[in-house]
Each structure stands twice: as structure tokens, then as C-alpha cells.
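Below is one structure, written out as C-alpha cells; the observations come after it.
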Amino acid sequence: PPQTPIRAAMTSIQQLRGDLISSGDQPSTNLATYFKNCTVDPTQDVLKRLETLGHVYSQRFGQAVGPRSTVLGMQRFNLGVRLYYQVMEEMLKMEEQRLSVQNFSKLLNDSTFHSSLLACALEVVMATYGESRYKSGGVDSAETDLCFPWILDVFRLPAFDFYKVIESFIKADHTMNKDIVKHLETCENLIMERIAWRTGSPLFELLKQEHAGGAAEQLETPAS
Amino acid sequence: SHDYHFGLEDHEGISELFDCD
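Just so you know, the sequences run in chain order H and E. Per this note's numbering, the very first residue in the first sequence carries number 1373; after that it's consecutive. Per this note's numbering, the very first residue in the second sequence carries number 84; after that it's consecutive.
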């Protein structure tokens, strides 16, 4: 039978929490092995970054939602970390299969990759709790303060970099329900259509590099 | 099930997107 919006949200939340119970709040044995296989072990940087971003996130969450919500923000963050580790492990397994490598040192020492992945995990958590999806009720409710791209501002993350993880995240998280996938697709479209084109986006540097690289090539003659 | 369009080719993945190929 069709669910009421509240029942659907509660089911979604229960499913997310249930899926993440078995994930620890520390890297699993498999994930720790990927870290150790790196030329430069990223473990300490990962843990330090999580501590810093956890503090930043919960403070900003409290500012957005209300002074007593900092603890709630920390709970959301902790769920996000579990999801982040879980999806990271699955991504690395998929990459290992695709590329036949076990040393992901460059990727796992890239702080933008980690911030993007964590931001995506938190976006999924907040969307599950109904906090970051656009509401038809308008802009007055506190929930809309957490709406995407709020997380990009909190992590000072360029939208273009966040965009890079979305598809791989959806591929790697097999339990995501279609409403959350739809939400990430909405974020993706917003980035492609608008946010990635704002001043200061890394996209412009990439375009410059592509243009400079292609300048020596002959122009294609127009097709007849 | 969802209808998300996966655009990455088989030879493309997170490693290439973060310039780690």
C-alpha cells in the first residue's frame, strides 16, 4: 500500500541506519588494507580531516537549524562518516577490478576526493532525513537552510569537484532508494547548469588547459 | 530501481576524474 510521506521518510531513515549499523565508525579491515597498500599511507590525514570537518559541520548545522542542534549535527555527521567509509571501500573494489591495481596512493591522498566523497555522503544522510531536499513549502522553514548546495559552502568545496563523485557514488551504493538517487541527480543538474559556471570554478582552468593544448592542432574543415 | 543515466564509459572512473590514471 502507498505510504504517507512521514511513513516513507521513517522507512527511509530506518533503512539507512540499518544499512550503516554493520559499518563501523572506523575504516574496515578491507579499507585499512587499501590505505596500507598506498605508497603514502593516508590513514592519519583521513582521520584528522574527519575530526576537523566534523567540528565545522556540527557548528554550521547548529547555526542553520538552532542552537541546541549541534549535537544533532554531530549525529548526522557520524552517520555520514559510516556511509563515506562504506562507499569508499566499494569504489576502491570497483576500481581494483577495472584497473587491476591495489595501490591507490594518488587518489587516497587527494584531500579534494575525500571532502567530495564525505560531502556526498552527508548530502545523502540529510536528504534521507528530509533536510536538504527542496520543499514545496517555500523558503521559510529551517529545513531549507540545509538545502544543497549548503554542504559545498560548509566544506568550501567547489561544485565541480563534488560533481565528480556523484555517479561513482550512486554506482557504489547499492542500497540507495530512488528518491535519494533522484535528489543527487537534481544536485548534479544544478551544478552542470549553474553552480559549476560561477566565478572561481576550477572548470575555467580546465577549459583554459584544454584550449591551450588544442591550439597547435589544425582546425577541422567544415563537413560538406 | 531508479532511472539515473550512467554516463561514464568502461574506461572512465573515479581515478581518471581525479587525475589519478
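Note that CB positions come from ideal geometry on N, CA and C, so glycine has one too.
Original post:
Hey, how far is the Cα of residue 1474/H from the Cα of residue 1411/H?
Top reply: 11 Å
**OP:** Compare the C-beta of residue 1460/H with all C-beta atoms of chain E and state if any pair is closer than 7 Å.
**Re:** No, residue 1460/H does not count as interfacial toward chain E.
**OP:** Name the two residues that bound the continuous alpha helix (DSSP H) containing residue 1381/H.
**Re:** 1377-1393
Original post:
Closer than 7 Å, CB to CB, is residue 1509/H near chain E or not?
Top reply: For residue 1509/H, the predicted structure reports a pLDDT of 46, less than 50, and the residue's modelled location is therefore unreliable. A value from the coordinates is still provided. Residue 1509/H does not count as touching chain E.
Original post:
Listing by chain order, which chain E residues have their CB less than 9 Å from the CB of residue 1465/H?
Top reply: Chain E residues near residue 1465/H: none, gap ~12 Å exceeds 9 Å.
Subject >> Residue of 1549/H, 1577/H and 1579/H minimising C-alpha distance to residue 1383/H >> reply: Nearest C-alpha to residue 1383/H: 1549/H.
Original post:
Could you give the distance in angstroms between the alpha-carbon of residue 1487/H and the alpha-carbon of residue 1467/H?
Top reply: 19 Å
Original post:
For residue 1566/H, which three-state DSSP category applies?
Top reply: coil
Subject >> residue 1430/H (DSSP reduced to helix, strand or coil) >> reply: helix
**OP:** Determine the DSSP secondary structure at residue 1486/H, reduced to helix, strand or coil.
**Re:** It is helical.
**OP:** Run down chain E in chain order and give the residues with a C-beta less than 9 Å from the C-beta of residue 1567/H.
**Re:** Near residue 1567/H there are no residues of chain E at all, since even the closest Cβ is about 17 Å away, more than 9 Å.
Original post:
In this structure, does DSSP put residue 1464/H in helix, strand or coil?
Top reply: helix
Original post:
Taking buried to mean at least 16 other C-beta atoms within 10 Å of its own C-beta, is residue 1569/H buried or exposed?
Top reply: exposed
Original post:
Hey, does residue 1413/H have any beta-carbon neighbour from chain E nearer than 7 Å?
Top reply: no
Original post:
What number of angstroms, rounded off, separates the C-alpha of residue 1581/H from the C-alpha of residue 1575/H?
Top reply: Rounded to whole angstroms, the separation of the alpha carbons of residue 1575/H and residue 1581/H is 10 Å.
Subject >> Cutoff 7 Å; reference residue 1452/H; Cβ partners in own chain excluding five residues on either side >> reply: 1490, 1493, 1494 and 1497
**OP:** Output, in sequence order along the chain, the residues in the segment 1477-1507 of chain H whose CB is closer than 8 Å to any CB in chain E.
**Re:** 1478, 1479, 1482, 1484 and 1485
Subject >> Contact check, residue 98/E vs residue 1529/H, beta carbons under 7 Å >> reply: no
Original post:
How would you label residue 1500/H, buried or exposed, when you count the other beta carbons within 10 angstroms and need 16 or more for buried?
Top reply: buried
Original post:
residue 1503/H by DSSP, collapsed to three states: which one?
Top reply: coil
Original post:
Looking only at C-alpha atoms, which of 1555/H, 1573/H and 1535/H sits nearest to residue 91/E?
Top reply: 1535/H
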